[in-house]
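Report on the structure given below.
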Amino acid sequence: MRFPRFLRTARAFALAASVPVVVTTLPGDVPCCELSYRVTPDPEAGDVEVALEIHGFRGDTLVLTRPSARPLVGLIGRDPEVEGVRRSRWGLRDGQPQWSFSRPAEGWEDPIRVRYRLSITSRRPLNAWSVGLDRDLLYAPSEALFLLPAMPELAARNAAVRVRWELPRGWRSFTGWSGDAFHGTRQLLKTNILAGDIEHREASACGLEIDIAVYGEWTFDPATIAGDLARLACVARARLGPPRADRYAVTLVPARFPMTSGNRNGPNAIGFVHLLPDGSPPPTRLLAHEIVHQWQRFDAAMWFQEGVNDYMGLRLANEAGLIGDERMAQILGGIDSVYRAHPRRDNWSFADEEREAQPFGPSDEYLGYRKGALVGLALDRELRLRTGGEIDLATLWREMNKRTAWGHVRWSDAEISSRAAALAGGSLDRFFAHYVDGTGTLAAPERLLANLPPAPTSPARPRGLGAVAAFLEFGAPRLSP
Numbered sequence: 224m225r226f227p228r229f230l231r232t233a234r235a236f237a238l239a240a241s242v243p244v245v246v247t248t249l250p251g252d253v254p255c256c257e258l259s260y261r262v263t264p265d266p267e268a269g270d271v272e273v274a275l276e277i278h279g280f281r282g283d284t285l286v287l288t289r290p291s292a293r294p295l296v297g298l299i300g301r302d303p304e305v306e307g308v309r310r311s312r313w314g315l316r317d318g319q320p321q322w323s324f325s326r327p328a329e330g331w332e333d334p335i336r337v338r339y340r341l342s343i344t345s346r347r348p349l350n351a352w353s354v355g356l357d358r359d360l361l362y363a364p365s366e367a368l369f370l371l372p373a374m375p376e377l378a379a380r381n382a383a384v385r386v387r388w389e390l391p392r393g394w395r396s397f398t399g400w401s402g403d404a405f406h407g408t409r410q411l412l413k414t415n416i417l418a419g420d421i422e423h424r425e426a427s428a429c430g431l432e433i434d435i436a437v438y439g440e441w442t443f444d445p446a447t448i449a450g451d452l453a454r455l456a457c458v459a460r461a462r463l464g465p466p467r468a469d470r471y472a473v474t475l476v477p478a479r480f481p482m483t484s485g486n487r488n489g490p491n492a493i494g495f496v497h498l499l500p501d502g503s504p505p506p507t508r509l510l511a512h513e514i515v516h517q518w519q520r521f522d523a524a525m526w527f528q529e530g531v532n533d534y535m536g537l538r539l540a541n542e543a544g545l546i547g548d549e550r551m552a553q554i555l556g557g558i559d560s561v562y563r564a565h566p567r568r569d570n571w572s573f574a575d576e577e578r579e580a581q582p583f584g585p586s587d588e589y590l591g592y593r594k595g596a597l598v599g600l601a602l603d604r605e606l607r608l609r610t611g612g613e614i615d616l617a618t619l620w621r622e623m624n625k626r627t628a629w630g631h632v633r634w635s636d637a638e639i640s641s642r643a644a645a646l647a648g649g650s651l652d653r654f655f656a657h658y659v660d661g662t663g664t665l666a667a668p669e670r671l672l673a674n675l676p677p678a679p680t681s682p683a684r685p686r687g688l689g690a691v692a693a694f695l696e697f698g699a700p701r702l703s704p
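Following our numbering, the numbering of the sequence shown begins with 224 at its first residue and continues without gaps.
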């Protein structure tokens, strides 16, 4: 039985009100239970001031960390200072910077007051994992802005967190959060921050909401992006199963120079940093790639997490009617050209590349992205051919997602092979040994696409219902400014 929306909303509020703000039943000594941030951008100075109050800390050493090893381009952090406590010791752990403060002889104040300043050197972000601060813009992945006290994982997840924005006049903020007070630091870190002179658009379809915040002048209507994302989300829901969230927060910001970049930052946040000389919008392939990430509840090696994702995104865009068969073949041909030109193609397996290659480079530099997409196509073909079109890559995807509910989140290559073999009814050891564990050369996309059996009927779609009809059945997007 489906209740009216206002009753569902009231029920959600009632449940939220019943959740305690501070969890006190954890075993052992929980060193931290409440965090309060005040964020003040100063566009004239190029700085962001952050004041943090930590309530209830009882440990011997306070360790503040920026929980990301990723280089955040354009960001220069200054050492945090704790009121009444001598300077910190700085270090790195697993690539993450951290600052340690010893407990004063007289004990910790409550709250502990921390201040730090971030200097942002770029007015426009370089890519979706960088930052920018201009007279009417602040853009940053949230992991760039917030230092966290290191604490047991469960305590971190249940900490009460509040964020207050002190913005210049005329600015407003947009994040992946539903508000500025919530339960847990994981949500704090997994989103994108956009503040300034921004425009807000919405689209809804298939029971999903797409909220998009746009900064800058564009030669296209940003509402079309929200509409395309809604169409992709409809097909993803039909093909890959239920989503993890019913609202997606999307940001669109112009890049510093011509390029296009996207990131998935958490279970419901997507960021696009984009600028093309001809003024065209972000390509459908990029939109689809980031939407498919929202249907990834599992973790896997790069070739599957990114490469197979790229192929799945193209397939869903094709089913959504956003790219035709000919265009899909052209894009796959371009991927194939990059793969065949890779200097390590005949020497590196995917595992070799993850050990040897430099991280955080352009995606064209990695076999995991480009060969991985073609392995996705080949694996989709293998599963369909072996089962007469009854099983496909989307079936495997749903199976992997389902098992995350049982604690199986990280998938090894051997586990993916084993699960695919169980679905196909026979071993896939030779396929994986040749193309995943080895350096075997894949057939060209036109050969892999030739005589490809139709995809099986998706669980959420009646037999005989085409992609466009299914889209209309689930609900065309509703757009609003």
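Even glycine gets a Cβ: it sits at the ideal position worked out from N, Cα and C.
Inset, instruction - Throw me the rounded Cβ distance for the V496 and P364 pair, which I believe falls under 8 Å. - result: Counting from one through the sequence shown, the residue named residue 496 turns up at place 273. Counting from one through the sequence shown, the residue named residue 364 turns up at place 141. Between P364 and V496 the Cβ distance is about 11 Å, and since that is not below 8 Å, they are no contact.
Inset, instruction - Starting from P481, follow the alpha helix (DSSP H) in both directions and report where the run begins and ends. - result: In the sequence shown, counting from the first residue as 1, residue 481 sits at position 258. P481 -> no alpha helix (DSSP H), and no H or E assigned at all.
Legend entry - Whether F655 touches P294 by CB criterion (8 Å): Along the sequence shown, read from residue 1 onward, the residue named residue 655 stands at position 432. Along the sequence shown, read from residue 1 onward, the residue named residue 294 stands at position 71. Going by C-beta atoms, F655 is not nearer than 8 Å to P294.
Legend entry - Terminal residues of the beta strand (DSSP E) in which N415 lies: On the sequence shown, residue 415 is found 192 positions in, with the first residue counted as 1. Unbroken beta strand (DSSP E) run through N415: 415-419.
Inset, instruction - Report yes if the CB atom of T288 is closer than 8 Å to the CB atom of P320, and no otherwise. - result: Along the sequence shown, one-based indexing puts residue 288 at 65. Along the sequence shown, one-based indexing puts residue 320 at 97. Yes.
Legend entry - As assigned by DSSP and simplified to three states, the class of W518: On the sequence shown, position 295 is the one that residue 518 refers to. It is coil, neither helix nor strand.
Inset, instruction - May I ask you to report which of helix, strand or coil DSSP gives Y260? - result: As a first step, residue 260 is located in the sequence shown; it is residue number 37 there, counting from the start. Reduced to three states, the DSSP call for Y260 is strand.
Inset, instruction - State the start and end residues of the unbroken alpha helix (DSSP H) segment that holds D270. - result: Looking up residue 270 in the sequence shown gives position 47. It is not in any alpha helix (DSSP H) - D270 instead sits in the beta strand (DSSP E) that spans 270-278.
Legend entry - Simplified DSSP state of L223, which is helix, strand or coil: The question about residue 223 has no answer, for the chain in this structure spans 224 to 704.
Legend entry - Anticipated Cβ contact below 8 Å, V386 with V262, distance rounded: Along the sequence shown, one-based indexing puts residue 386 at 163. Along the sequence shown, one-based indexing puts residue 262 at 39. Going by Cβ atoms, the distance from V386 to V262 rounds to 7 Å, so yes, they are a contact pair.
Legend entry - C-alpha gap between P566 and R346, whole angstroms: Indexing the sequence shown from 1 puts residue 566 at position 343. Indexing the sequence shown from 1 puts residue 346 at position 123. The alpha-carbon atoms of P566 and R346 are separated by roughly 36 Å.
Legend entry - Short Cβ contact (8 Å threshold) for L390 with V271: To locate residue 390, count along the sequence shown from 1; it is residue 167. To locate residue 271, count along the sequence shown from 1; it is residue 48. It is not a contact, given that the beta carbons lie outside the stated cut-off.
Legend entry - W629 classed as buried or exposed, judged by whether at least 16 other C-beta atoms fall within 10 angstroms: Walking along the sequence shown from the start, residue 629 turns up at place 406. W629 should be labelled exposed.
Legend entry - Length of the line joining the Cα atoms of W441 and G502: Translated into positions along the sequence shown, residue 441 becomes position 218. Translated into positions along the sequence shown, residue 502 becomes position 279. About 7 Å.
Inset, instruction - May I have the straight-line CA-CA distance separating A383 from P481, to the nearest angstrom? - result: Locating residue 383 in the sequence shown gives position 160, counting from the first residue. Locating residue 481 in the sequence shown gives position 258, counting from the first residue. Whole-angstrom Cα-Cα distance: 41 Å.
Inset, instruction - Check whether the Cβ atoms of E622 and R642 lie closer than 8 Å to each other. - result: Here residue 622 is taken as the residue at index 399 of the sequence shown, counted from 1. Here residue 642 is taken as the residue at index 419 of the sequence shown, counted from 1. In this structure, R642 lies closer than 8 Å to E622 by Cβ.
Legend entry - Rounded C-alpha distance that separates L370 from P290: The residue labelled residue 370 in the question sits at position 147 within the sequence shown. The residue labelled residue 290 in the question sits at position 67 within the sequence shown. Rounded to whole angstroms, L370 to P290 spans 8 Å at the Cα level.
Inset, instruction - Scan the stretch 329-390 and note each continuous beta strand (DSSP E) run of 3 residues or more that stays entirely inside, going in chain order. - result: 335-343, 355-357, 360-364, 383-388
Inset, instruction - Round the Cβ separation of I343 and L360 to the nearest angstrom and send it over; I've been treating them as touching at under 8 Å. - result: Position 120 of the sequence shown, counted from the start, is the residue given in the question as residue 343. Position 137 of the sequence shown, counted from the start, is the residue given in the question as residue 360. Not quite, the Cβ-Cβ distance comes to about 10 Å (not below 8 Å), so this is no contact.
Inset, instruction - Please list, in chain order, all residues of the same chain as T474 whose beta carbon is under 6 Å from its beta carbon, the five residues on each side excluded. - result: Position 251 of the sequence shown holds residue 474. These residues qualify, in order along the chain: N415, L417, A436, G494.
Inset, instruction - To the nearest angstrom, report how far apart V286 and N350 are at their CA atoms. - result: Here residue 286 refers to the residue found at position 63 when the sequence shown is read from its first residue. Here residue 350 refers to the residue found at position 127 when the sequence shown is read from its first residue. Answer to the nearest angstrom: the Cα atoms are 30 Å apart.
Inset, instruction - Look at F280 and V305 and say whether their C-beta atoms are less than 8 Å apart. - result: Residue 280 sits at position 57 when you count from the first residue of the sequence shown. Residue 305 sits at position 82 when you count from the first residue of the sequence shown. Going by C-beta atoms, F280 is not nearer than 8 Å to V305.
Legend entry - Minimum C-alpha distance to V476 - residue among G430, L431, L463, H423: Taking the first residue of the sequence shown as position 1, residue 476 is located at position 253. For the residues G430, L431, L463, H423, the minimum Cα distance to V476 belongs to H423.
Inset, instruction - Run through the stretch 552-625 for me and flag every whole alpha helix (DSSP H) of 4 or more residues, listed as ranges in chain order. - result: 573-579, 590-609
Inset, instruction - Take the Cβ of V245 as the centre, count every other Cβ of all protein chains shown within 10 Å, and call the residue buried at 16 or more, exposed below. - result: Against the sequence shown, residue 245 aligns to sequence position 22. Because the pLDDT of V245 is 30, which lies under 50, any placement of that residue in the model is unreliable, and the number read from its coordinates should be weighed accordingly. V245 is exposed by the Cβ-count criterion.
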